[in-house]
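Residue numbers (my numbering): 6 to 251.
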Ligand code: 13P
């Protein structure tokens, strides 16, 4: 069963006080009837506090593949789990671009998540030059091949995909619904071919300038199972409102 997921990626935003206010506002607005799973990818320093709320799925924005060791500033999966994180983002384009995370390093992270049976959202997506040159589908396929093709059918249950075209992230420029669905349908066909029914059931989220104005069109695309939301997730009420677009 493909799950509907609405995930907030706060990136490096909000103070401890603001994070607490966000949670209070979110709790005041969320209802039990919501058919979507909400997730919150918060800076590591807030995870323990936020995950004291047992109904909230709190995840990390990054992880190191090693179990422990001399990796100053990094955090392991066991450490994330020990403060209540329930999943992690892997391969966000900001990690790939600003921190030079390679496909092979991302594969190590994926393998570590599988070894610890820790759910993850694997992010993929092309830059503008690749899109304009028409190479977006093969670009995304290569990203998937490099880091997730080694999964076994059981491990596929840990996987969620986020398609985030780099040119649409934080730019206000959203991909059209045709562009989004083309890539989502393509990713689904790859996953189905590779992993059979387990692959067909992987949730595929869209990310890139999703807001109240465009969410309905995006979430009604047949192969879109939800969103990974940056800017529009920083206000709890704005974020919650996106759920009414499913
Ligand atoms: P924006 O919604 O701010 O474009 O960010 C998208 C994103 O990068 C989510 O991971």
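For glycine and all other residues, C-beta sits at the position ideal for the given N, C-alpha and C.
Remember, predicted model here, so these are calculated numbers, not experimental data.
Establish whether the CB of residue i and some CB of chain B are separated by less than 8 Å.
i: residue 84; result: Note that chain B does not occur in the displayed structure, where there is just one protein chain.
May I ask you to check if the CB of residue i is nearer than 7 Å to at least one heavy atom of the ligand 13P?
i: residue 237; result: yes
i: residue 245; result: no
i: residue 175; result: yes
i: residue 10; result: no
i: residue 14; result: yes
i: residue 50; result: no
i: residue 225; result: no
i: residue 63; result: no
i: residue 106; result: no
i: residue 130; result: no
Give me the Cα-Cα distance between residue i and residue j, rounded to the nearest whole angstrom.
i: residue 113; j: residue 161; result: 16 Å
i: residue 13; j: residue 132; result: 22 Å
i: residue 109; j: residue 151; result: 7 Å
i: residue 203; j: residue 158; result: 6 Å
Grab me the residues of residue i's own chain with a C-beta within less than 7 Å of its C-beta, minus the 5 sequence neighbours each way, in chain order.
i: residue 49; result: 65 and 80
i: residue 222; result: 182
i: residue 243; result: 217 and 237
i: residue 63; result: 45, 47, 52, 55, 56, 89, 90 and 91
Of the residues the options, which one's Cα is nearest the Cα of residue i?
i: residue 21; options: 53, 34 and 35; result: 53
i: residue 196; options: 123, 78, 82 and 154; result: 154
i: residue 220; options: 134, 129 and 245; result: 245
i: residue 168; options: 127, 23 and 175; result: 127
i: residue 41; options: 8, 166 and 68; result: 8
In chain order, what residues of the same chain lie with their CB nearer than 6 Å to the CB of residue i, ignoring the 5 residues before and after it?
i: residue 240; result: none
i: residue 174; result: 213
Can you give me the Cβ contacts of residue i inside the same chain, cut-off strictly under 8 Å, excluding the 5 residues immediately before and after it?
i: residue 210; result: 10, 12, 126, 165, 166, 167, 168, 229, 230, 231, 232 and 233
**Study point:** Every unbroken alpha helix (DSSP H) within the region 49 to 109, with a cutoff of 4 residues, ordered by chain
**Key:** 49 to 55, 82 to 87 and 98 to 103
Practice item. Give, in chain order, every unbroken run of the beta strand (DSSP E) that is at least 3 residues long and sits entirely within the region 207 to 249. Key: 209 to 211 and 231 to 234
Exercise for review: Tell me the start and end of each unbroken beta strand (DSSP E) in the region 15 to 47 that is at least 3 residues and wholly inside, in chain order.
Suggested key: 42 to 47
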